[in-house]
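Protein chains in written order, with this note's numbering: chain A, 1 to 395; chain B, 1001 to 1098.
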């Protein structure tokens, strides 16, 4: 029988929630990396017991952790337990937390500064890894989305990281500016049919696509309109909160923008709004049902200045028509006095049938639905604020 | 032999308990102590000093013999008591909330 493993990153450590395929009784392990922020954890689709975690501290910076046994034990890549920490000639075996921006002349010109809050140019400074996206075919290859916005890749299981600097080399790079949460590259989508095609999203620059494995990038923001920026229809400058796709239709993208839920049917070349009857179209996460490419989930949040659900009612909204027509899902969710937020990476779907849906809140609850959102139960209620949720189905 | 006291999170990363001891050839300075520490425990690289510039991270402080050495020259000699191992060199997470 299949088992389900939910990977939860929080402000004060990581937690792993496990259950059998019925998804009724859950075991909780953690905190792993207690006291540290864990922005994201994700497993390799090729080797589900290979997990990677982004562990962050304001004091000690960035750490990358890796598990080869489904999260039972962890180590920093390059320094596995019981192995020497250095090579025979005394050199460190890995530099798994070294994220250095590429400024070599070969990678282009505008790699050194971006737009700061006051309109001046500001140096790129590494702060943290927001998102880790394992390759669909190689467990040793992972992409990392960083703040300040950049894309890094490892091909040796996380021991060393190198920037795909063509992204920052995009002609619009000097115009990119941080949002309130920092200038973060938070979403990485790999086309299942073409590993050289990758979509990424940056707050507050927008969405970009590469068709050559990360050498060159195209801004794909046509159709987005953001009223609070100088040119509402600018090529870049949009605060994209999250994008998602169904693996069977990688050309169809869904987006939760700062305001507006958007859809593209042409790989991001153009977007149109599908907010429809949502009570508010502000929000952070967006996800697609595993078996129904037109079924989409969002969690509406009142506004950009009031980061909690409208009317104190926590509701997931589901569209079965690819957007525009949305139904509120409330069974099992608090419908009064609820003022939590659901962050952009804190929702995931499993591959079982019926599709399981999971999300975590800034109040420390992780809710799960084993019936595609029709009903919900809290798996845990009192974790630290949840930053990210991923789910795996393992045998 | 130099004694170095690490904050608890760095002890966890380095998989050590208690003070770390280091042998240092040549002058005992903050730079030589941190170089030796990172050579012995490479998983600590980047957690105390920047990987490239070797500048102290903003919320890390260095103390020894009740003196705050955080902003002293990294090449200044450390107190004799530290060089002789009588007193530890303290690496501390700054009081910064969170």
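For glycine and all other residues, C-beta sits at the position ideal for the given N, C-alpha and C.
Keep in mind that this is a model prediction, so the values were computed, not measured.
- Scanning its chain for C-beta atoms nearer than 6 Å, with the 5 sequence neighbours on each side dropped, one finds around residue 224(A) the residues 238, 271, in chain order.
- Here DSSP, grouped into helix, strand and coil, assigns residue 164(A) to coil.
- In the DSSP assignment, residue 259(A) is bridged to 282(A).
- Counting only Cβ-Cβ distances below 8 Å, residue 1093(B) has contacts in chain A at 59, 60, in chain order.
- At the C-beta level, residue 136(A) and residue 144(A) stay beyond 7 Å of one another.
- A Cβ-Cβ contact shorter than 7 Å links residue 300(A) with residue 280(A).
- Chain A places no beta carbon closer than 7 Å to that of residue 1021(B), leaving this residue out of the contacts.
- The closest CA to that of residue 294(A), considering only 309(A), 57(A), 252(A), is found on 252(A).
- Between the alpha carbons of residue 101(A) and residue 34(A) lies a distance of about 29 Å.
- Beta-bridge annotation (DSSP): residue 115(A) is paired with 121(A).
- Note that the region 1037 to 1048 of chain B touches the region 1008 to 1028 of chain B; at least 3 beta-carbon pairs, one per stretch, sit closer than 8 Å.
- Unbroken beta strand (DSSP E) stretches of 3 residues or longer found wholly inside the region 46 to 86 of chain A: 51 to 57, 61 to 67, given in chain order.
- By the Cβ rule, the region 374 to 389 of chain A counts as touching the region 332 to 347 of chain A, because three or more pairs are nearer than 8 Å.
- Contact of residue 1062(B) with chain A is not assigned, every C-beta pair being separated by 7 Å or more.
- If you draw a straight line from the Cα of residue 361(A) to the Cα of residue 347(A), it is about 9 Å long.
- Rounded to the nearest angstrom, the Cβ distance from residue 166(A) to residue 217(A) is 6 Å, consistent with a contact under 8 Å.
- With its beta carbon less than 7 Å from one in chain A, residue 1043(B) belongs to the interface.
- What residue 95(A) touches in chain B, judged by beta-carbon distance under 8 Å, is 1042, 1045, 1046, 1051, going in chain order.
- For residue 389(A) and residue 367(A), the gap between their C-alpha atoms comes out near 10 Å.
- Approximately 5 Å separates the beta-carbon atoms of residue 207(A) and residue 220(A); this is inside 8 Å, confirming the contact.
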